[in-house]
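2 protein chains.
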Amino acid sequence: MDNSLALTRIKETITRNGELFDSLAQLYKIFADSSRVKILVALTQSEMCVSEISEFLSITQSAVSHQLRILKSSNLVKTRRDGKNIVYSLTDNHVRTIIDCGMEHVTE
Amino acid sequence: MDNSLALTRIKETITRNGELFDSLAQLYKIFADSSRVKILVALTQSEMCVSEISEFLSITQSAVSHQLRILKSSNLVKTRRDGKNIVYSLTDNHVRTIIDCGMEHVTE
DNA sequence: TGAACATATGAACAATTGCTCATATTTGAG
DNA sequence: CTCAAATATGAGCAATTGTTCATATGTTCA
Numbered sequence: 549m550d551n552s553l554a555l556t557r558i559k560e561t562i563t564r565n566g567e568l569f570d571s572l573a574q575l576y577k578i579f580a581d582s583s584r585v586k587i588l589v590a591l592t593q594s595e596m597c598v599s600e601i602s603e604f605l606s607i608t609q610s611a612v613s614h615q616l617r618i619l620k621s622s623n624l625v626k627t628r629r630d631g632k633n634i635v636y637s638l639t640d641n642h643v644r645t646i647i648d649c650g651m652e653h654v655t656e
Numbered sequence: 549m550d551n552s553l554a555l556t557r558i559k560e561t562i563t564r565n566g567e568l569f570d571s572l573a574q575l576y577k578i579f580a581d582s583s584r585v586k587i588l589v590a591l592t593q594s595e596m597c598v599s600e601i602s603e604f605l606s607i608t609q610s611a612v613s614h615q616l617r618i619l620k621s622s623n624l625v626k627t628r629r630d631g632k633n634i635v636y637s638l639t640d641n642h643v644r645t646i647i648d649c650g651m652e653h654v655t656e
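The listed protein sequences derive, respectively, from chains H and P. 549 is the number of the first residue of the first sequence in the numbering used here; add one for each residue after it. 549 is the number of the first residue of the second sequence in the numbering used here; add one for each residue after it.
Take a look at the structure:
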């Protein structure tokens with residue numbers, strides 16, 4: 549073939565950095581759910597506690613808690629206790645960037 | 549509450565643009581698989597046919613075909629026939645941008 | 001301390017997903 | 001036209017996922 553050289557180079561890159569692409573897929577998996585995306589979008593506007601989030605999403609407080617657990621264990625959000633409430637907020641601006649990036653494609 | 553006004557505004561935004569965020573999640577769902585990410589990354593380097601892709605991924609030709617079908621129906625890749633082969637390539641640069649964006653977070 | 005509120009957690013279940021296997025379909029060579 | 005190579009497709013299956021329900025944990029206030 550003509551481009552067999554280029555292909556083996558690409559193959560090398562993919563197999564060598566396999567774990568990196570696995571992490572990448574893992575990251576996108578977090579954004580791949582409607583509820584989680586909405587939670588993250590909301591948090592780009594303001595920090596919020598669980599009951600506030602479950603108020604405007606049409607899902608149970610329990611469901612919100614489960615999703616927040618995923619977001620927290622992925623280090624995308626952090627928590628702070630405020631009396632009886634636990635306030636969630638974004639850990640950094642990466643989330644904002646990723647959402648904006650995807651938005652550009654969706655709103656083409 | 550202090551910020552109830554801000555909250556209702558956020559709630560409005562989320563519920564009003566609900567379908568938009570659904571599409572966003574749908575988009576990320578495509579990137580949320582290791583095989584698909586690797587295929588897309590490979591295609592950022594060069595156009596390739598099915599057999600070439602299934603060569604460096606450790607999955608069946610059938611599996612690759614199934615994934616490419618998803619990528620094509622999502623308009624992320626396009627096809628071109630070259631003899632017996634069908635050559636796949638990215639439809640535009642959005643894919644590149646999205647991958648780069650996620651990479652930045654993964655390789656922090 | 002006890003009642004009420006806010007959040008977390010575990011079990012269970014339906015739905016989705018990505019793969020393999022077997023089998024079409026399409027194309028080029030002879 | 002026939003055969004082999006390349007790709008597509010459908011059925012079936014195991015694994016994962018997102019939700020709900022019930023319940024546990026933790027905090028405030030009286």
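Beta carbons are placed, not taken as given, at the ideal position from N, Cα and C, and that holds for glycine.
Requested in this report: Name the two residues that bound the continuous alpha helix (DSSP H) containing Thr663/H.
Outcome: Beyond the ends of chain H as shown, which are 549 and 656, falls residue 663/H; an answer cannot be given.
Query raised in the report: How many angstroms separate the CA atom of Lys626/H from the CA atom of Arg644/H?
Result: Looking at the backbone, the Cα of Lys626/H and that of Arg644/H are separated by about 15 Å.
Query raised in the report: Lys626/P lies in the alpha helix (DSSP H); which residues open and close that run?
Result: Annotation for Lys626/P: no alpha helix (DSSP H) segment contains it, though the beta strand (DSSP E) segment containing it runs Val625 to Asp630.
Query raised in the report: How would you call Gly631/H, buried or exposed, if buried means at least 16 neighbouring beta carbons within 10 angstroms?
Result: Exposed, because fewer than 16 other Cβ atoms sit within 10 Å of the Cβ of Gly631/H.
Query raised in the report: Between the segment 597-611 of chain H and the segment 558-576 of chain H, do at least 3 Cβ pairs fall closer than 8 Å?
Result: Touching, no.
Report task. Using 10 angstroms around the beta-carbon of Glu600/H, count the other beta-carbons present and answer buried if the total reaches 16, otherwise exposed. Result -> Within 10 angstroms of the beta-carbon of Glu600/H lie 16 or more other beta-carbons, which makes it buried.
Query raised in the report: Under a Cβ-count criterion, where at least 16 other Cβ atoms within 10 Å of its own Cβ denotes burial, should Gln593/H be classed as buried or exposed?
Result: The residue is exposed, with fewer than 16 neighbouring Cβ atoms inside 10 Å.
Query raised in the report: Which same chain residues, not among the five before or five after Asn623/P, have their C-beta less than 8 Å away from its C-beta?
Result: Hits under 8 Å: Thr639.
Query raised in the report: Tell me which same chain residues have a C-beta within less than 7 Å of the C-beta of Glu595/P, skipping the five on either side of it?
Result: The beta carbon of Glu595/P sits closer than 7 Å to those of Val635, Tyr636 and Ser637, all from its chain and outside the five residues before and after it, given in chain order.
Query raised in the report: If you compare alpha carbons, which of Thr655/P, Ile562/P and Ala554/P is closest to Ile587/H?
Result: When Thr655/P, Ile562/P and Ala554/P are compared, the shortest CA-CA separation from Ile587/H is found for Ile562/P.
Requested in this report: For Phe579/H, I'd like the list of residues in its chain whose CB is within less than 8 Å of its CB, leaving aside the five on either flank, ordered along the chain.
Outcome: These residues qualify, in order along the chain: Val585, Leu588, Ile646, Ile647 and Gly650.
Query raised in the report: Among Val598/P, Arg628/P, Phe604/P and Glu603/P, which one has its Cα closest to the Cα of His614/P?
Result: Of the listed residues, the one whose Cα sits closest to His614/P is Val598/P.
**Report entry** Contacts around Leu591/H, its chain only, beta-carbon distance under 7 Å, and the 5 residues preceding and following it disregarded
**Finding:** Excluding five sequence positions before and after Leu591/H, the CB atoms of its chain that fall closer than 7 Å to its own CB belong to Val625, Tyr636, Ser637 and Leu638, given in chain order.
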